[in-house]
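Notes follow once the structure below has been shown.
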Amino acid sequence: MKQKVIYWFRQDLRLSDNPALTQACQMGQIIPIYILDHRHAGDGKQGGATCVWLHHALTSLHQDLDQKLLCYQADPIDILQTLCQQHQVKHVYWNRCYEPWRMERDRDIKSTLQATGIQVHSDNGSVLWEPWTIQKTDGTPFKVFTPFYRKGCLQADPPRQPLSKPGAMVLADIDNPKNTIDALNLLPKKFKWGQTLATHWNISEKGAHNQLQTFLSIGIKHYKEGRNFPAKPYTSQLSPYLRFGQISPNQVWHAALQLGNNADIDHFLSELGWREFSYHLLYHNHQLPTQNLQPKFDRFPWQEDATKLAAWQTGNTGYPMVDAGMRQLWQTGYMHNRVRMIVGSFLVKNLLLHWHHGERWFWDCLVDADMASNSASWQWIAGCGADAAPYFRVFNPITQGQKFDPEGQYVKRFIPELKHLPGEFIHCPWQAPSLVLKAAGIQLGHHYPEPIVDVKASRQAALDAFAALKQEQ
DNA sequence: TTTTGAGTTGTTCGA
DNA sequence: GTCGAACAACTCAAA
19 MKQKVIYWFR
29 QDLRLSDNPA
39 LTQACQMGQI
49 IPIYILDHRH
59 AGDGKQGGAT
69 CVWLHHALTS
79 LHQDLDQKLL
89 CYQADPIDIL
99 QTLCQQHQVK
109 HVYWNRCYEP
119 WRMERDRDIK
129 STLQATGIQV
139 HSDNGSVLWE
149 PWTIQKTDGT
159 PFKVFTPFYR
169 KGCLQADPPR
179 QPLSKPGAMV
189 LADIDNPKNT
199 IDALNLLPKK
209 FKWGQTLATH
219 WNISEKGAHN
229 QLQTFLSIGI
239 KHYKEGRNFP
249 AKPYTSQLSP
259 YLRFGQISPN
269 QVWHAALQLG
279 NNADIDHFLS
289 ELGWREFSYH
299 LLYHNHQLPT
309 QNLQPKFDRF
319 PWQEDATKLA
329 AWQTGNTGYP
339 MVDAGMRQLW
349 QTGYMHNRVR
359 MIVGSFLVKN
369 LLLHWHHGER
379 WFWDCLVDAD
389 MASNSASWQW
399 IAGCGADAAP
409 YFRVFNPITQ
419 GQKFDPEGQY
429 VKRFIPELKH
439 LPGEFIHCPW
449 QAPSLVLKAA
459 GIQLGHHYPE
469 PIVDVKASRQ
479 AALDAFAALK
489 QEQ
């Protein structure tokens, strides 16, 4: 009888292309475990939408593991030590995480286990290039995306080829009826939001690969241009699967490369590069989720306005493009990338609310909420990041809507009360003549809100505030 | 060593 | 109606 080893699933909830799991299978019978560790979720608590996703992802993984996955909610070191003792385990395997606080936790766990004669084996299962392998020739980290990607990533060793499922996986038979997924209490109790969310997705490793195949056969062919149009099916929608490791970036990278070489494919690969860049930034800036990368933004006169924030969160700003995005987020746990930029710019540069509010709301509502990507992207749109959007780049929700959702298909999908409004006014209902509004069955302020701010005036206020920051320096 | 041009995603204004 | 300039400051990397 082969010895028992522990495989600790973390952000790699899959069997294929799983380097540490493949190693573990060669060493012995697998005890597969998952540990819910809220203490190390980042800001103290995992977001609501990711909890729902996690519940379904674990359920699917449990099935793929012959109903043998053991789930725990406690300090990982206690769980690991107890299990090792009970089952005479001498080897523990996992794929590495890259958030600074998780790396610190894992270092502690590794040294504690090693002190008791247990070997820990870790591998890279979730990034194309580990953050410490990409640096400038002078040894310091990159701060600008393009050189990071072109000079750093593309000149480094290419991402490894994906592995297949471990051929001979033997699962240890451990009866432990208490350690169920349900006991983790991941689903919200009070309302049906979590159920609605889950209907929009096939939350499994198989579902991830179906999504990839759909994208490769349809979306990627028009990706470079098409990705900007939220009503069109040209984005991959792989982000939540990547977030939970139900598919690996290596699997996605090589599947796209196999299609050949053109501008659409290159552009898609560079989006995987942005994911790497976010991890790179977080690795080198532990305070990325909470502190402005550019300290002068600490003096920015952010407003506090609970009413405006609530209007933004619930999709009631009166700007259809913004509201459609926020409602898509609430209903599906997802938002199209172009629209994320529009709502982000609107929060920060029109409502003048701190990007923290947006970062927290996205953290709670997005099924793909990832600490590195979320905080790096909010700093980017707010203009305080390392390689940020210039402060004067303020998205106009009307112009953006007319450009990227010209017929208002996207808006009407998520704001059905506007569905009879002619395309001419779909992004600016308050400009429609009263007869037109009446014919469309809309009374502004009743069926759909009046604009809560004037974009022209608020944009100017933001620009003035930014200009003041500059002068004070 | 210093200089120089470029850098994901935009808007407005005036000629 | 179209088009170029202006809207910062700073990092990076090639020359």
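Start counting at 1 in the first sequence, then tack on 18, and there's your number in this note's numbering. Virtual Cβ for every residue (Gly too), placed ideally from N, Cα, C.
Query: Beta-carbon gap between residue 23 and residue 109 smaller than 8 Å; Result: yes
Query: Of the residues 74, 392, 407 and 477, the one placed nearest residue 213, counting alpha carbons only; Result: 74
Query: Residue 323, DSSP secondary structure in three states; Result: coil
Query: Run of the beta strand (DSSP E) containing residue 52, from where it starts to where it stops; Result: 47-54
Query: Where residue 549 falls, given that 16 or more other Cβ within 10 Å makes a residue buried; Result: Residue coverage of the chain in this structure runs from 19 to 491, which leaves residue 549 outside it and unanswerable.
Query: Residue 364 vs residue 408 beta-carbon contact at 8 Å; Result: no
Query: Buried versus exposed, by CB contacts within 10 Å (16 or more), residue 442; Result: exposed
Query: Selected residue, minimal CA-CA separation from residue 165, among 294, 178 and 338; Result: 294
Query: Three-state class that DSSP yields for residue 172 in the structure shown; Result: coil
Query: Counted within 10 angstroms of its Cβ, other Cβ atoms place residue 238 as buried (16 or more) or exposed; Result: buried
Query: Selected residue, minimal CA-CA separation from residue 244, among 423, 51, 42 and 482; Result: 423
Query: Neighbour-count burial assignment, residue 50, 16 or more Cβ in a 10 Å radius; Result: buried
Query: Nearest candidate by alpha-carbon position, reference residue 460, set 447, 209, 471 and 287; Result: 447
Query: Residues of its chain near residue 27, where Cβ-Cβ distance is below 6 Å and the 5 sequence neighbours each way are ignored; Result: 52
Query: Whole-angstrom C-beta distance between residue 385 and residue 67, which should lie under 8 Å; Result: 5 Å
Query: Nearest neighbour of residue 406, chosen from 285, 432 and 299 [CA to CA]; Result: 299
Query: CB-CB length for residue 215 against residue 100, believed under 8 Å; Result: Contact flag wrong, Cβ pair sits at about 34 Å.
Query: Whole-Å CB distance - residue 72 paired with residue 204, under 8 Å assumed; Result: 6 Å
Query: Environment of residue 464 [buried if 16+ CB atoms lie within 10 Å]; Result: exposed
Query: Counterpart residues of residue 89 in DSSP-defined beta bridges; Result: 52
Query: Which of helix, strand or coil DSSP assigns to residue 192; Result: coil
Query: CA-to-CA distance, residue 231 to residue 273, given in whole angstroms; Result: 9 Å
Query: Beta-carbon contacts of residue 206 that lie in its chain and below 8 Å, excluding the five residues immediately before and after; Result: 66, 69, 70 and 212
Query: Element boundaries [alpha helix (DSSP H), containing residue 228]; Result: 223-235
Query: Between the CA atoms of residue 371 and residue 112 - distance to the nearest angstrom; Result: 40 Å
Query: Inter-residue Cα distance where the pair is residue 356 and residue 138; Result: 42 Å
Query: Residue 472 - DSSP class collapsed to helix/strand/coil; Result: coil
Query: For residue 400 and residue 306, believed in contact at Cβ under 8 Å, the rounded distance; Result: Not really, about 12 Å apart at Cβ, beyond 8 Å.
Query: Own chain, CB closer than 8 Å to residue 218, minus 5 neighbours either side, in chain order; Result: 349, 350, 351 and 352
Query: Cα-Cα separation, residue 290 to residue 157; Result: 23 Å
Query: Per-residue burial, residue 283 [other beta carbons within 10 Å of its own, 16 or more giving buried]; Result: buried
Query: Residue of 323, 145 and 128 minimising C-alpha distance to residue 116; Result: 145
Query: Rounded Cβ spacing between residue 33 and residue 223 (contact assumed at less than 8 Å); Result: 7 Å
Query: Three-way DSSP call (helix, strand, coil) for residue 246 in this model; Result: coil
Query: Within 8 Å, strictly: CB atoms of residue 179 and residue 311; Result: no
Query: For residue 24: DSSP bridge partner residues; Result: 49 and 110
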